[in-house]
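**Student:** So the sequence lines, in the order shown, correspond to chains A and B. Last residue of the first sequence? That's 213 in my numbering, and every number before it is there in order. Last residue of the second sequence? That's 1073 in my numbering, and every number before it is there in order. No residue lacks a Cβ here, since even glycine has one placed at the ideal position from N, Cα and C. Okay, here's the structure, questions in a sec.
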Amino acid sequence: DQQVKQNSPSLSVQEGRISILNCDYTNSMFDYFLWYKKYPAEGPTFLISISSIKDKNEDGRFTVFLNKSAKHLSLHIVPSQPGDSAVYFCAASAIDDKIIFGKGTRLHILP
Amino acid sequence: GAGVSQSPSNKVTEKGKDVELRCDPISGHTALYWYRQSLGQGLEFLIYFQGNSAPDKSGLPSDRFSAERTGGSVSTLTIQRTQQEDSAVYLCASSFLGRGLSTDTQYFGPGTRLTVL
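Dropping the structure here:
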């Protein structure tokens, strides 16, 4: 049973526009949510996170929104740049428990 | 290097053989994690080491999988009698404090791509 779901395997966005990556979760005990970015042949790198006590966290071009009632979070990248082309993993954890990762969404930024 | 390193980067083996994968975490990090990513799948948790505590082995898929962490630093993941379904990228990560603090960022190595023929 997938506790963290990324229903879009891939997404293509024009350079300069907004990229929106979505993630749904099922476990109401999750209290911390993360996004990781992965380039080919490299390990994932931490991008941004949000605690369940917040509904928005912003870091430069990256903003994560959390809707607890819908058990949904999204990552917004604006403006999108060529270097943003990568696989993005949504992840979640409950207190003192392991991080559960989604299957990832491959983002293509088009010139 | 300051990051997490893993070796080998690629490993091709025959079904039934044993393999050892190595992880060198970031110096000073007390927590170490192993994950695997099969084709088209997310990162699957395998095992977690935190300091001198007993490891959390709850993610190991079978008793053919084992891992050690010697001296609180280097870790080795061993897969015995490999099967084709073991083919995946095996990722190691380390963090400063471990799971007790949710905000403790995990830093990943580049992974070992294992192919079992």
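Short of 9 Å Cβ to Cβ, which residues in the region 129 to 153 of chain A face chain B?
**Tutor:** Here the close residues are D133, Y134, L136, Y138, K140, A143, E144, G145, P146, T147, F148, S151, S153.
**Student:** Given a cut-off of 9 Å on the beta-carbon distance, is the pair L977(B) and Y1046(B) in contact?
**Tutor:** Taking 9 Å as the Cβ cut-off, L977(B) and Y1046(B) qualify as a contacting pair.
**Student:** By how many angstroms is the C-alpha of S121(A) removed from the C-alpha of L168(A)?
**Tutor:** Spanning the two alpha carbons is a distance of roughly 16 Å.
**Student:** Quick one: does D103(A) have its CB under 9 Å from some CB of chain B?
**Tutor:** Chain B contact via Cβ: absent.
**Student:** Step through the CB atoms of chain A and report whether any lies within less than 9 Å of the CB of S1014(B).
**Tutor:** Yes - at least one Cβ of chain A is within 9 Å of the one on S1014(B).
**Student:** Determine, using beta-carbon pairs with one atom in the region 193 to 210 of chain A and one in the region 123 to 140 of chain A, whether at least three such pairs fall under 8 Å.
**Tutor:** Yes: at least three Cβ pairs fall under 8 Å.
**Student:** Going by the CB atoms, is the gap between I150(A) and S187(A) shorter than 9 Å?
**Tutor:** No, the pair does not count as a contact, with Cβ atoms beyond the cut-off.
**Student:** I'd like to know if L1053(B) contacts chain A, where contact means its C-beta is closer than 9 Å to some C-beta of that chain.
**Tutor:** No - not a single Cβ of chain A is within 9 Å of the one on L1053(B).
**Student:** Select from the region 156 to 167 of chain A all residues with a C-beta closer than 9 Å to any C-beta belonging to chain B, and list them in chain order.
**Tutor:** Under the 9 Å Cβ criterion, the region 156 to 167 of chain A contributes no residue.
**Student:** Check whether chain B comes within 9 Å of I201(A), counting only Cβ atoms and requiring the distance to be less than that.
**Tutor:** With 9 Å as the cut-off, I201(A) counts as an interface residue toward chain B.
**Student:** Taking Y989(B) as part of the beta strand (DSSP E), name the residues at either end of that continuous run.
**Tutor:** 987 to 993 is the span of the beta strand (DSSP E), which, as asked, contains Y989(B).
**Student:** Which class does T128(A) belong to by DSSP, given the choice of helix, strand or coil?
**Tutor:** Coil at T128(A), not helix or strand.
**Student:** Beta-carbon separation of L1073(B) and T969(B) under 9 Å?
**Tutor:** Yes, these two residues count as a Cβ contact at 9 Å.
**Student:** Which residues bound the beta strand (DSSP E) around K967(B)?
**Tutor:** First-last of the beta strand (DSSP E) with K967(B): 966 to 969.
**Student:** How big is the Cα-Cα spacing for S963(B) and S171(A)?
**Tutor:** Using only the alpha carbons, I get a separation of about 43 Å.
**Student:** In whole angstroms, what is the alpha-carbon distance linking F191(A) and T1034(B)?
**Tutor:** Taking the straight line joining both Cα atoms gives about 26 Å.
**Student:** What number of angstroms, rounded off, separates the C-alpha of E144(A) from the C-alpha of S965(B)?
**Tutor:** Between E144(A) and S965(B), the C-alpha separation is close to 10 Å.
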